[in-house]
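>
Numbering (the working numbering), first residue to last: 1208 to 1584.
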């Protein structure tokens, strides 16, 4: 029997050649297992001739017309460091059923190889690359260049993907238009505070809470952001109703006549008169405009609950007020109900007196969040 030697070891070359001549799929798979076992278990004992022989056999298998055989090569050697880079590149450009394993796992694929696949192969190939354990900024840039939303979201969800500052800036800008980018962007550890701050204006209430809890933003910055949110809401998605000047004039007149009541406050928002509601709340509490906007547009709704309690709104009225104010901003119903559950518990525990104490602190420009934390319940 012919043999190849390496030190005192010996491999069955004739046995490998016999398996290589086997045309059945099962025979090919047995050949793959034999070669894999030799590479993984005895790589240091193999001589150059034996390594060359096994690579030649693998090249033959990769050229096999049976996709199942090619897939078996990819699956068997996806994480191997011994297979040749040329074979891996050939597999990576095959149909996705064959290419998937090496695209996900092979460390022999270099950035130029991956970028070539991204640019010239299918969406499924791009998605497989986006799920690799480690991705360089160049490869990430190529994935973003595909402009495929699913691929980009997969990339953003990959904590092992390195994404350049320039690409992050681009994706943050795109997130105003593409909602699915927002959550994975905000959950990336490499997103800088200034970019998170930029997103604050257009993301959902839940994501605003995430930004406030994750990033140490200056209080004045938060106030400015909430004002921007208010402007967008008022000019973009809130029903028109009264103009701001007319609403303010009506609220001022009602205050002089003693006509600002809890029932009127609730009815104004129920009727969709958002600007009148804001003006009534401002006149009734004596709070400055910016703080009223913060109370109305911040996530959670604790500030609105305190203002309503201090205003004299009962629990039933507050529930109606809160739901209508959220619906006016097109907040999704599950989010409204989730926030409402915890707020109604808070509303039942706090007294009108303790709420008015907090409102008094707000009038004196005390810290907004500090006053909420110190609420007596």
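Built from N, CA and C at the ideal position, the CB exists for glycine as well.
What does the Cβ neighbour count give for residue 1549, buried or exposed, with the cut at 16 atoms within 10 Å?
Taking the chain shown and counting its residues from 1, the one referred to as residue 1549 is at position 342. It is exposed - the Cβ of residue 1549 has fewer than 16 other Cβ atoms within 10 Å.
> Whole angstroms are fine: how far does the CA of residue 1403 sit from the CA of residue 1304?
Looking up residue 1304 in the chain shown gives position 97. Looking up residue 1403 in the chain shown gives position 196. Approximately 38 Å, taken between the alpha carbons.
> Threshold first: 4 residues or longer. Then list the alpha helix (DSSP H) segments lying entirely within the stretch 1352 to 1402, N to C.
Correct list: 1356 to 1363, 1372 to 1381 and 1389 to 1393.
> Could you check if residue 1522 is buried or exposed, using at least 16 other CB atoms within 10 Å of its CB as the buried criterion?
Counted from its first residue, the chain shown places residue 1522 at position 315. So residue 1522 counts as exposed.
> Pull up the CB-CB distance for residue 1318 and residue 1343, whole angstroms please, since I reckon it's below 8 Å.
Numbered from its first residue, the chain shown carries residue 1318 at position 111. Numbered from its first residue, the chain shown carries residue 1343 at position 136. Sure, about 5 Å apart at Cβ, within 8 Å.
> Under DSSP, the alpha helix (DSSP H) around residue 1492 begins and ends at which residues?
In the chain shown, the residue the question calls residue 1492 occupies position 285. 1481 to 1492 is the span of the alpha helix (DSSP H), which, as asked, contains residue 1492.
> Please state the DSSP three-state secondary structure of residue 1290.
Here residue 1290 corresponds to residue number 83 of the chain shown, with the count starting at 1. In this structure, residue 1290 counts as coil in the three-state DSSP scheme.
> Per the DSSP calculation, residue 1342 is bridged to which residue(s)?
Residue mapping note: residue 1342 aligns to position 135 of the chain shown, counting from 1. Its beta-bridge partners are 1368.
> For residue 1396 versus residue 1369, is the C-beta spacing smaller than 8 Å?
As a first step, residue 1396 must be located in the chain shown, where it is residue number 189. As a first step, residue 1369 must be located in the chain shown, where it is residue number 162. Contact flag unset, no.
> Nearest-angstrom Cα distance between residue 1277 and residue 1409?
Locating residue 1277 in the chain shown gives position 70, counting from the first residue. Locating residue 1409 in the chain shown gives position 202, counting from the first residue. Taking the straight line joining both Cα atoms gives about 48 Å.
> Would you give the residue range spanned by the alpha helix (DSSP H) that residue 1542 belongs to?
Residue numbering aside, residue 1542 sits at position 335 when the chain shown is read from its first letter. Its alpha helix (DSSP H) spans residues 1540 to 1556.
> Indicate the three-state DSSP secondary structure (helix, strand or coil) for residue 1564 in the structure shown.
To locate residue 1564, count along the chain shown from 1; it is residue 357. In the structure shown, residue 1564 sits in a helix (DSSP, three-state: H, G or I).
> Do residue 1503 and residue 1485 have their beta-carbon atoms positioned less than 8 Å apart in this structure?
Taking the first residue of the chain shown as 1, we reach residue 1485 at position 278. Taking the first residue of the chain shown as 1, we reach residue 1503 at position 296. Yes; because the gap between Cβ atoms is below 8 Å, this pair is in contact.
> Taking only three categories from DSSP, how would you classify residue 1534?
Here residue 1534 corresponds to residue number 327 of the chain shown, with the count starting at 1. Residue state, collapsed to three classes: helix.
> Where does residue 1314 sit, in a helix, a strand or coil, going by DSSP?
For the purposes of this step, residue 1314 is taken as the residue at position 107 of the chain shown. Correct three-state label for residue 1314: coil.
> For the alpha helix (DSSP H) containing residue 1195, name the first residue and the last one.
This structure leaves residue 1195 out entirely; the chain is present only between 1208 and 1584.
> Determine the closest residue to residue 1536 out of 1387, 1481 and 1556, with distance taken between C-alpha atoms.
Translated into the one-based positions of the chain shown, residue 1536 becomes position 329. The candidate whose alpha carbon is nearest that of residue 1536 is 1481.
> Hey, how far is the Cα of residue 1329 from the Cα of residue 1302?
What you label residue 1329 is simply residue 122 of the chain shown in a count that begins at 1. What you label residue 1302 is simply residue 95 of the chain shown in a count that begins at 1. Cα to Cα, the separation comes out at about 9 Å.
> So, is the C-beta of residue 1290 closer than 8 Å to a C-beta in chain B?
The structure shown contains no chain B, having only a single protein chain.
> Any idea if residue 1565 is buried or exposed, counting beta-carbon neighbours within 10 angstroms, 16 or more meaning buried?
For this step, residue 1565 is matched to residue 358 along the chain shown. Classification for residue 1565: buried.
> Within 10 Å of its beta-carbon, does residue 1532 have 16 or more other beta-carbons around it, so buried, or fewer, so exposed?
Working through the chain shown from its first residue, we reach residue 1532 at position 325. When all chains shown are included, residue 1532 counts as buried.
> Run the CB neighbour count on residue 1517, radius 10 Å, all protein chains shown included, and call it buried at 16 or more, exposed below.
Locating residue 1517 in the chain shown gives position 310, where the first residue counts as 1. Buried: at least 16 other Cβ atoms inside 10 Å.
> For residue 1546, is the classification buried or exposed, using 16 other Cβ atoms within 10 angstroms of its Cβ as the cut-off for buried?
Within the chain shown, the letter at position 339 stands for residue 1546. Buried, since its Cβ has 16 or more Cβ neighbours within 10 Å.
> Verify whether the separation of the beta carbon atoms of residue 1295 and residue 1308 is less than 8 Å.
Reading the chain shown from its first residue, position 88 is the one you call residue 1295. Reading the chain shown from its first residue, position 101 is the one you call residue 1308. The answer is no: Cβ separation not under 8 Å.
> Can you have a look at residue 1263 and say buried or exposed, based on whether 16 or more other CB atoms are within 10 angstroms of its CB?
Residue 1263 sits at position 56 when you count from the first residue of the chain shown. When all chains shown are included, residue 1263 counts as exposed.
> Could you check the C-alpha separation between residue 1291 and residue 1400 for me, to the nearest Å?
Taking the first residue of the chain shown as 1, we reach residue 1291 at position 84. Taking the first residue of the chain shown as 1, we reach residue 1400 at position 193. So the alpha carbons of these two residues sit roughly 44 Å apart.
> Which same chain residues end up closer than 7 Å to residue 1514 when comparing Cβ atoms and leaving out the 5 residues on each side of it in sequence?
The residue given as residue 1514 occupies position 307 in the chain shown. If we look at residue 1514 and ignore the five residues flanking it on each side, its Cβ neighbours are 1488, 1492, 1502 and 1566.
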